[in-house]
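J.: Let me begin by handing over the structure; questions about it come next.
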Amino acid sequence: MDRVPVRGAPHVDGPYFTQTRRMFTMKLRNAATASAAVLALAVTATACGSSDKNDSGSSGGGNIKIGIKYDQPGLGLKQPDGSFAGFDVDVATYVAKELGYKPSQIQFVETKSADRENAIARGDVKFIAATYSITDERKQKVDFAGPYLLAHQDLLVKANSTIAKGTDLNGKKLCSVTGSTSAQNVHDTIAPKANLKQYSGYSECIAALQSGAVDAVTTDDSILAGFASQDKYKGQFKLAGLKLSNENYGIGLKKGDTALEKKINAALQKMVSDGSWNKAVTKNFGPAEYKNEPAPKIGVIVK
Amino acid sequence: MFDFLQGYDVLGAFWMTVKLTVLSALGSLVLGTLLAAMRVSPIPLMRGFGTAYVNIVRNIPLTIIILFSSLGLADIFGVSMGASDFAVQGFRLAVLSLVVYHAAFVCEALRSGINTVPVGQAEAARAIGLGFGQTLRLIVLPQAFRAVVVPLANVLIALTKNTTVAAAIGVAEAATLMKTMMENEAQTVLIAAVFAFGFVVLTLPTGLFLGWLGKRLAVKR
Amino acid sequence: MTSVLYDAPGPRARRRNVLLSVLFSVLLAALLWWVWQALDDKGQLKWALWQPFTTADAWNTYLLPGLWGTLKAAALSMVIALPLGAVLGIARLSDHRWVRVPVGAVVEFFRSIPVLLLMLFANELYAQSSNIASEYRPLYAVVTGLVLYNASVLAEVVRAGVLALPKGQTEAAYAIGLRKGQTMTSILLPQSVTVMLPAIVSQLVVIVKDTALGGVMISYAELLSARSTLAANYANVIQSFVVVAVIFIILNFTLTSFASWLEGRLRRGKKTTGAVLSPNDATIAGTAATGAGGGVA
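Heads up: the protein sequence lines correspond to chains A, B and C, in order. Number 102 in our numbering belongs to position 102 of the first sequence; there are no gaps in the numbering. In our numbering, each number is its position in the second sequence, counted from 1, plus 1000. In our numbering, each number is its position in the third sequence, counted from 1, plus 2000.
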């Protein structure tokens, strides 16, 4: 922005004086009308903005708020018609059903990776199913039910790519999300000489992979499989199948809420035993040659 | 009290900010002058192009331009700016975007400077027999230049601050480092204070000096 | 056409101009053709990539909510920043040193640091030490950053607007026995509003543009971050950028046109009071104001 008087502001000295003296009959009314219009616009904006705030909190009005991701196909994706789809969404819906909520009572909330602990601690959401790996560090702030899926850090490459192991990445172009542990792993141990591009979201990485700007994208295989099995990418990519790490996806909930944890664990067990778990996996990760791990045992974390 | 600075290259980040600023300032001065020349030229088509450029670029957020340079230009069109290393590439893309964006404002600053020179000045110059080159060199441009110092200084200061937008494509400048530090360290307020101080140091003296210069040089009318 | 730079063209100059026009249009056409070829080469002209924007879903699910986020943050910031800026601006004009100096320092401080820094800081501060729900935190942070910055800018607008009034106004007000406060509220401010309005509307463009920063850096749900979700669904990066950029251009161009219309109207209003403006007057008042466009940052 302009720093000195700003455009629109006339010079202090100079012939402007003569001019202002002439505008004694102020056009104040016009000015007032205009500013009133601006103000009215803004006030409506505020009013509407705050109106949807009433039903915040976790237990209000028989609804349940569940945190998911909005931008990860196969796990949690906001679809063009406004509905949500993905494995996390299916798990969350199933668990909510077991807790006694109809699908219409579920309100999905976007919880970005960095916000997950805070959202739980403040009670913004009842629980979170958003590619949430169980780690010791996170366990200090939240409790986890599950795990409900065992994923691994992996590489997504073009279908005809020759990259087959981690060290092949040295000197290659690699994409991951800013500040992610996957990016850190590559940098520290797997292939320190890889040329790493970092974006704020995976879809940007996938676009770069498709156009050939990068040679591989790295993160959890479940997320990669979700992208690879989207219709528009079908057949273009493959997973390298490297199992560079173990990621135990759990359902995050408020620390100390053991009653809820037990209920969710029971729901997850039922989901596996009645076959819904397998169905959800096939439906969401099917087409990407994703060899999923068998359903994990509740409470058993694979290090 | 300032232990949290350990392990972070704050000076290096600000050096990146300075490099972005200087290179983009030079670039946008060149492109902006070209555009301004078009906007005041006697050829309608060039004037139209200049006007269109300014009006389009000025109304797009810089964030869009910078993001597009990376996601669109580099990733899809394969414009790698002659760098295979992504850090270097990001820096060059950021400079390119900053130049494209600020050139519009440089152009407007220059044009407004030329407009402050009354037509009578040129007419008088021609009346006493000066040629086109002489009129421009001896009469018009010296006056226009003086009127342009303050608006250009404003663009330079805005440019300095706008380099932070390069954080959107991960260029390792001040805002990127501040974000990382805030995520990892607890002293939010102190970290913010350090970076705010850095920008005050970068922008305030420039503003004061160029403001003073502008006033000194101003043509009293 | 005559300008300060050149005279009305003679026959030779006309010939040269025509030649340059032709040359320039060839260059321009070549540039356009090259861009078109590049798009075609990369398969970016395929209708399937543009088609989503003709569906209601793309607009209802992504773009319109995003646009709403942009407008909401911009409007809130303006409404809060304007009165705050007025107070700061007036305080900076105070006769008391102990008011003027600290306020001046605050204003100068917030004007010299990037708005992105303010947003990042506010976002982090709210995350650590406030009860704001995480869905609303980005909005709060974006508005906080924009308010702090733009209030300082508007403070300068207000100050300049008041200073631009002739001294006689203040003197006359004192002469008829008004106090300092009365002089400000009933004489100076009402008159300077007209002077300031175009600048204020232009500042709105700056605010609208800066909301995009919040979208990218602190995941506020506005137009630019809606673009990213949209592109994740339709895999049309270039196309979504083009559409979003066009929306921003239309929005801001409307605002800038409104600003220059307002300015022209206000200026004409003055003219009708009788006296004639010398061209010199017009340019001096004009250069500061004619930039009917968004500010730099």
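Think of the CB as a built atom: it goes at the ideal place given N, C-alpha and C, for glycine as much as any other residue.
DSSP state of D81 (chain A), grouped into three classes?
T.: coil
J.: Would you call the region 139–156 of chain A and the region 284–303 of chain A touching, i.e. three or more CB-CB distances under 8 Å?
T.: yes
J.: Quick one: is Q79 (chain A) near chain C, going by C-beta distance under 8 Å?
T.: yes
J.: In this structure, does DSSP put D71 (chain A) in helix, strand or coil?
T.: Under the three-state reduction of DSSP, D71 (chain A) is assigned to strand.
J.: Within 8 Å (strictly less), CB to CB, does A2232 (chain C) reach chain A?
T.: yes
J.: Taking all protein chains shown into account, do 16 or more other C-beta atoms lie within 10 angstroms of the C-beta of T2194 (chain C), making it buried, or fewer, making it exposed?
T.: buried
J.: Which ranges would you report for the alpha helix (DSSP H) in the region 1044–1080 of chain B if only whole runs of at least 4 residues count?
T.: 1044–1058, 1062–1068
J.: Going by beta-carbon coordinates alone, are I163 (chain A) and A92 (chain A) separated by less than 8 Å?
T.: Contact: no.
J.: In terms of DSSP beta bridges, what is C1107 (chain B) paired with?
T.: Paired residues: none, contrary to the question.
J.: Bridge partners of T218 (chain A), per DSSP?
T.: A:L155
J.: Taking beta-carbon pairs under 9 Å, can you tell me which members of the region 1076–1107 of chain B lie near chain A?
T.: I1076, F1077, G1078, S1080, S1084, D1085, F1086, A1087, Q1089, G1090
J.: Mind checking whether the beta-carbon of G275 (chain A) lies closer than 7 Å to any heavy atom of the ligand GDP?
T.: Annotation note on the ligand GDP: not contained in the displayed structure, which lists no ligands.
J.: Under DSSP, the beta strand (DSSP E) around F108 (chain A) begins and ends at which residues?
T.: 106–110
J.: Measuring CB to CB, does V2244 (chain C) end up less than 8 Å from I1064 (chain B)?
T.: Going by C-beta atoms, V2244 (chain C) is nearer than 8 Å to I1064 (chain B).
J.: What residues from chain C crowd round Y70 (chain A), counting only those whose CB sits closer than 8 Å?
T.: T2229
J.: Could you tell me whether any Cβ in chain C is nearer than 8 Å to the Cβ of K1019 (chain B)?
T.: no
J.: On the DSSP bridge list, what partners appear for A2232 (chain C)?
T.: Looking at the DSSP assignment, A2232 (chain C) forms no beta bridge with any residue, so it has no partner.
J.: Counting contacts by CB-CB distance shorter than 8 Å, is V1022 (chain B) in contact with chain C?
T.: no
J.: Looking at the unbroken alpha helix (DSSP H) that takes in Y249 (chain A), where does it start and where does it end?
T.: Counting along the chain, Y249 (chain A) falls outside any alpha helix (DSSP H), though it belongs to the beta strand (DSSP E) covering 247–254.
J.: From what residue to what residue does the alpha helix (DSSP H) around N308 (chain A) run?
T.: One cannot answer for residue 308 (chain A) here, as it falls past the ends of chain A, which runs 1 to 303.
J.: Please list, in chain order, the residues of the region 2053–2064 of chain C that have any C-beta partner in chain A closer than 9 Å.
T.: T2055, D2057, A2058, N2060, T2061, Y2062
J.: Buried or exposed: which applies to Q1143 (chain B), given that a residue is buried once 16 or more other Cβ atoms fall within 10 Å of its Cβ?
T.: buried
J.: Is the CB of L2189 (chain C) under 8 Å away from at least one CB in chain A?
T.: no
J.: What did DSSP end up calling Q177 (chain A) once you bin it into helix, strand or coil?
T.: The amino acid at residue 177 (chain A) is misidentified as Gln; the sequence shows Val. Here V177 (chain A) sits in strand by DSSP.
J.: Do L2116 (chain C) and A1175 (chain B) have their CB atoms nearer than 8 Å?
T.: yes
J.: Counting contacts by CB-CB distance shorter than 8 Å, is E2124 (chain C) in contact with chain B?
T.: yes
J.: How should G2177 (chain C) be labelled, buried or exposed, when 16 other C-beta atoms within 10 angstroms of its C-beta is the threshold for buried?
T.: exposed
J.: Less than 8 Å separating the beta-carbons of T1135 (chain B) and A1127 (chain B)?
T.: no
J.: Along chain B, which residues have their Cβ under 9 Å away from the Cβ of N195 (chain A)?
T.: S1084, D1085, F1086, A1087
J.: Taking a Cβ distance cut-off of 7 Å, strictly less, list which residues of the region 1171–1203 of chain B are near chain C, in chain order.
T.: If the cut-off is 7 Å between Cβ atoms, the region 1171–1203 of chain B has A1175, M1178, K1179, M1182, T1188, A1192, F1195, A1196, F1199, V1200, T1203 near chain C.
J.: Is the beta carbon of S2134 (chain C) sitting closer than 8 Å to the one on D124 (chain A)?
T.: Yes, the pair counts as a contact, with Cβ atoms nearer than the cut-off.
J.: Does the region 1104–1122 of chain B come into contact with the region 1071–1090 of chain B, if we say contact requires no fewer than three beta-carbon pairs (one atom in each stretch) closer than 8 Å?
T.: Segments in contact, no.
J.: Please decide whether A2105 (chain C) counts as near chain A, where near means a Cβ-Cβ distance under 8 Å.
T.: no
J.: Answer with buried or exposed for S83 (chain A), where buried requires no fewer than 16 other C-beta atoms within 10 angstroms of its C-beta.
T.: exposed
J.: With a threshold of 6 Å on Cβ separation, who are the neighbours of G1207 (chain B) within its own chain once the five nearest residues in sequence on each side are excluded?
T.: I1157
J.: Whose Cβ in chain B lies nearer than 8 Å to the Cβ of E204 (chain A)?
T.: L1071, D1075
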